[in-house]
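Number of protein chains: 2
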Amino acid sequence: MFVKNYRQVPPEPAEEAPGVTVRWVISEKDGAPNFAMRVFEVEPGAASPFHTHPWEHEAFILAGSGFVRDEDSKTPFGEGDVVFVAPQEKHQFVNDGDEVLRFICVVPL
Amino acid sequence: MFVKNYRQVPPEPAEEAPGVTVRWVISEKDGAPNFAMRVFEVEPGAASPFHTHPWEHEAFILAGSGFVRDEDSKTPFGEGDVVFVAPQEKHQFVNDGDEVLRFICVVPL
């Protein structure tokens, strides 16, 4: 068991996503057996890659606003929204607001 | 893919925990294949059961304050803290503050 603040974890640049950082706040390094928790920050105008992969995302928007898009649509989100992306769904998280977009994103290990 | 606000999900009373509600915001009903996301609210003075089980918790404190205890110790937490409870670790989340304690808790399916 441990408690730590997400702000204590150094942010790392996210791959292929300028203006995006990730903190791995709970991961296999901590002994997590099944899934990892990350905290992302996306600068205004920045976005995660528009990509697909065989695992799901379970996200929770902590602050800021933006939208998630797939091949066909864009769905806006803000504080308190949860976002589920199924395995193999193409997706991108975009910050189209004026403030930093901060969200939790959980992925399987 | 879907987006919904956690407030749209009706809170249910948590088992064996007066003053505690749970919202299953992403679960197997939504097609989640590996893990579920829940949002808990704990009234001031209330607590989750002091118990153990074979699965882990990955939690993120959204608002309020309190502590998590095991057999030997109590560790305080507040907004922005992450809490990891390993499988089989005895644990209890306690709200010893004056405001509602709200946290995300992810568990395997």
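Top line first, the protein sequences correspond to chains A and B.
Residue 1 is where the first sequence starts when you use this note's numbering, and the numbers rise one by one after that.
Residue 1001 is where the second sequence starts when you use this note's numbering, and the numbers rise one by one after that.
In this text, a Cβ means the ideal position worked out from N, Cα and C, and glycines have one as well.
Note that this is a predicted model, so its numbers are computed, not measured.
Integer-rounded CB distance, given that residue j should sit under 8 Å from residue i
i, j, result
"Thr75(A)", "Val82(A)", "About 12 Å separates the two Cβ atoms, so there is no contact after all."
"Ile1061(B)", "Gly1078(B)", "6 Å"
"Met37(A)", "Val25(A)", "5 Å"
Pair within 9 Å by beta-carbon distance, residue i and residue j
i, j, result
"Glu111(A)", "Asn1034(B)", "Summary: the structure shown does not reach residue 111(A), with chain A confined to residues 1 through 109, and so no result is reported for it."
"Ala59(A)", "Val106(A)", "yes"
"Gly1031(B)", "Phe84(A)", "yes"
"Val1003(B)", "Pro1013(B)", "no"
"Val1009(B)", "Leu1101(B)", "no"
Sequence-distant residues of its chain with Cβ nearer than 6 Å to residue i (five each side left out)
i, result
"Pro1087(B)", "Pro1054, Trp1055 and Glu1056"
"Glu1028(B)", "Leu1109"
"Ala47(A)", "Gln92 and Val94"
CB contact below 9 Å: residue i versus chain A
i, result
"Asp1096(B)", "no"
"Leu1062(B)", "yes"
"Val1082(B)", "yes"
"His1051(B)", "no"
"Glu1099(B)", "no"
"Asp1012(B)", "Note that residue 1012(B) corresponds to Glu in the displayed sequence, not to Asp. Chain A, which has no Cβ nearer than 9 Å to the Cβ of Glu1012(B), makes this no."
Near the ligand GDP: residue i beta-carbon under 8 Å from a heavy atom
i, result
"Glu1012(B)", "Absence of the ligand GDP from the depicted structure is noted, as is the absence of any ligand whatsoever, leaving it without description."
Straight-line Cα distance separating residue j from residue i
i, j, result
"Glu99(A)", "Ser65(A)", "8 Å"
"Met1001(B)", "His1051(B)", "34 Å"
"Glu15(A)", "Glu1016(B)", "44 Å"
"Pro18(A)", "Asp1072(B)", "45 Å"
"Asp70(A)", "Phe93(A)", "10 Å"
Min CB distance residue i to chain B below 9 Å
i, result
"Glu56(A)", "yes"
"Pro33(A)", "yes"
"Glu15(A)", "no"
"Ala86(A)", "yes"
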